[in-house]
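First up is the structure itself, then whatever we jot down about it.
2 protein chains.
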Amino acid sequence: MNTSTELLKGTLSTIILRLLEGNGKMYGYELTQRVKELTGGKILIKEGSLYPALHKLEADGHIAAESVFIGKRIRKYYILTAQGSKVARQSVHELLDFLSTMEHLITTDPRYGMA
Amino acid sequence: MNTSTELLKGTLSTIILRLLEGNGKMYGYELTQRVKELTGGKILIKEGSLYPALHKLEADGHIAAESVFIGKRIRKYYILTAQGSKVARQSVHELLDFLSTMEHLITTDPRYGMA
DNA sequence: GACAATACATCACAAAACTATGTATTAAAG
DNA sequence: CTTTAATACATAGTTTTGTGATGTATTGTC
Numbered sequence: 106m107n108t109s110t111e112l113l114k115g116t117l118s119t120i121i122l123r124l125l126e127g128n129g130k131m132y133g134y135e136l137t138q139r140v141k142e143l144t145g146g147k148i149l150i151k152e153g154s155l156y157p158a159l160h161k162l163e164a165d166g167h168i169a170a171e172s173v174f175i176g177k178r179i180r181k182y183y184i185l186t187a188q189g190s191k192v193a194r195q196s197v198h199e200l201l202d203f204l205s206t207m208e209h210l211i212t213t214d215p216r217y218g219m220a
Numbered sequence: 106m107n108t109s110t111e112l113l114k115g116t117l118s119t120i121i122l123r124l125l126e127g128n129g130k131m132y133g134y135e136l137t138q139r140v141k142e143l144t145g146g147k148i149l150i151k152e153g154s155l156y157p158a159l160h161k162l163e164a165d166g167h168i169a170a171e172s173v174f175i176g177k178r179i180r181k182y183y184i185l186t187a188q189g190s191k192v193a194r195q196s197v198h199e200l201l202d203f204l205s206t207m208e209h210l211i212t213t214d215p216r217y218g219m220a
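Laid out in structure tokens, this is it:
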């Protein structure tokens with residue numbers, strides 16, 4: 106497992122919720138492509154991670170699915186539920202808070218008596 | 106598992122390497138306390154995570170241990186090896202890069218045609 | 001004397017993402 | 001027209017990493 110993959114742990118559902126929050130309606134494959142675009146290919150969501158994550162979010166009532174046929178191919182659009190919107194705001198806040206805490210920890214000189 | 110714990114995944118060894126880089130020499134328990142201080146209690150490294158991580162870093166040749174007796178109690182100080190210094194710089198860089206990528210992903214409005 | 005803090009350690013478990021695999025349609029390239 | 005890539009879903013088994021629980025033992029505090 107590469108570094109980026111390890112760091113990704115715990116962030117996937119927040120990423121999904123955030124993208125749905127900003128777009129209203131997206132389908133699985135679209136999510137993977139959007140993350141790829143927005144991160145310049147640095148973060149790649151794998152299908153084996155994405156679909157189970159979507160199913161869990163749906164089971165937890167955070168998102169709802171709507172299946173649409175595009176020709177003969179099925180496409181499942183997801184939207185946030187009312188509860189999911191709350192969770193989205195909260196988990197985005199928590200993630201940003203964590204990111205700044207981590208950055209502070211890593212960039213601050215850890216010696217005592219820094220004065 | 107709480108949110109902070111999930112997000113921590115993949116960051117522990119980098120945190121350890123970074124603290125050793127800044128301090129030269131630290132022991133396990135000290136590391137847990139330093140992280141607690143520097144993060145205002147937001148990130149708590151558990152003993153069950155720390156010691157296996159230290160042993161792995163030692164086995165990989167990134168850190169070296171020196172046992173010291175403080176009275177009758179043993180204390181194991183760790184320092185970076187030459188190889189560990191390189192790994193420290195690299196993994197800190199990767200982590201900071203990941204943090205900024207993630208922040209960008211989460212804070213950028215994900216809609217197309219943002220212009 | 002009891003309790004909290006210091007200080008190490010290991011094991012069974014859980015969570016989360018991955019790889020590999022599978023199915024199927026559609027677009028592009030040769 | 002045929003092969004390959006891209007689109008689009010899905011699941012199973014594996015791996016990684018941190019946790020909780022537990023254990024041992026010393027030292028400081030009330």
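First to last, the protein sequences are chains X and F. Going left to right, the first sequence walks through residues 106 to 220 as our numbering numbers them. Going left to right, the second sequence walks through residues 106 to 220 as our numbering numbers them. All C-beta atoms, glycine included, are put in the ideal place defined by N, C-alpha and C.
Query: Beta-carbon neighbours of X:Arg123, restricted to chain F and to distances below 7 Å; Result: Ile211
Query: Where F:Val140 meets chain X, residues with beta-carbon distance less than 8 Å; Result: Leu210
Query: Whole runs of the beta strand (DSSP E) within the segment 177-218 of chain F, excluding any shorter than 3 residues; Result: 178-185
Query: Beta-bridge partners of X:Ser172, as assigned by DSSP; Result: X:Lys181
Query: Beta bridge counterpart(s) of F:Tyr132 as assigned by DSSP; Result: F:Tyr182
Query: Any chain F beta carbon closer than 8 Å to X:Thr116; Result: yes
Query: Limits of the alpha helix (DSSP H) - the one that F:Lys161 falls within; Result: 152-164
Query: Candidates X:Ala193, X:Leu149, X:Thr186, X:Arg178: closest to X:Thr119 by CA position; Result: X:Ala193
Query: is_contact[F:Thr144, chain X] using C-beta, thresh 8 Å; Result: yes
Query: Candidates F:Val140, F:Leu149, F:Arg139, F:Gly166, of which the one nearest F:Gln188 by Cα; Result: F:Gly166
Query: F:Lys177 vs F:Gly133 beta-carbon contact at 8 Å; Result: no
Query: Proximal chain F residues relative to X:Val197, where beta-carbon distance stays under 7 Å; Result: Ile211
Query: Cβ of X:Lys147 within 8 Å of any chain F Cβ; Result: yes
Query: Selection from X:Leu143, X:His160, X:Lys161, X:Leu136 that minimises the alpha carbon distance to X:Lys151; Result: X:Leu136
Query: Short CB-CB distance (under 8 Å) between F:Gly137 and chain X; Result: Looking at the sequence itself, residue 137 of chain F is Thr, so the reference to Gly does not match. No, because no Cβ of chain X sits closer than 8 Å to the Cβ of F:Thr137.
Query: Rounded C-alpha distance that separates F:Glu126 from F:Leu159; Result: 14 Å
Query: Test item: CB-CB of F:Lys141 and X:Gly115 under 8 Å; Result: no
Query: Counted within 10 angstroms of its Cβ, other Cβ atoms place F:Tyr217 as buried (16 or more) or exposed; Result: Note that F:Tyr217 scores 41 on pLDDT, short of 50, meaning its location in the model is unreliable; the coordinates nonetheless yield the value given after this. With fewer than 16 other Cβ atoms within 10 Å, it is exposed.
Query: Close beta carbons around F:Phe203, own chain, < 6 Å, minus the five adjacent residues each side; Result: none
Query: Rounded straight-line distance, which links the Cα of X:Lys161 to that of X:Leu185; Result: 13 Å
Query: Outcome for F:Ser172 when other beta-carbon atoms lying within 10 angstroms are tallied against a minimum of 16; Result: exposed
Query: Among F:Val197, F:Ser196, F:Tyr183, F:Met207, nearest to F:Tyr156 - alpha-carbon criterion; Result: F:Tyr183
Query: Neighbourhood of X:Tyr149 by C-beta, 7 Å cutoff - its chain only, sequence neighbours within 5 removed; Result: Here the sequence assigns Leu to residue 149 of chain X, which means Tyr is not the residue at that position. Cβ neighbours of X:Leu149 beyond the five flanking positions: Lys141.
Query: From X:Leu210, X:Ser205, X:Ile175, X:Ile168, residue whose alpha carbon lies closest to that of X:Ile121; Result: X:Ile168
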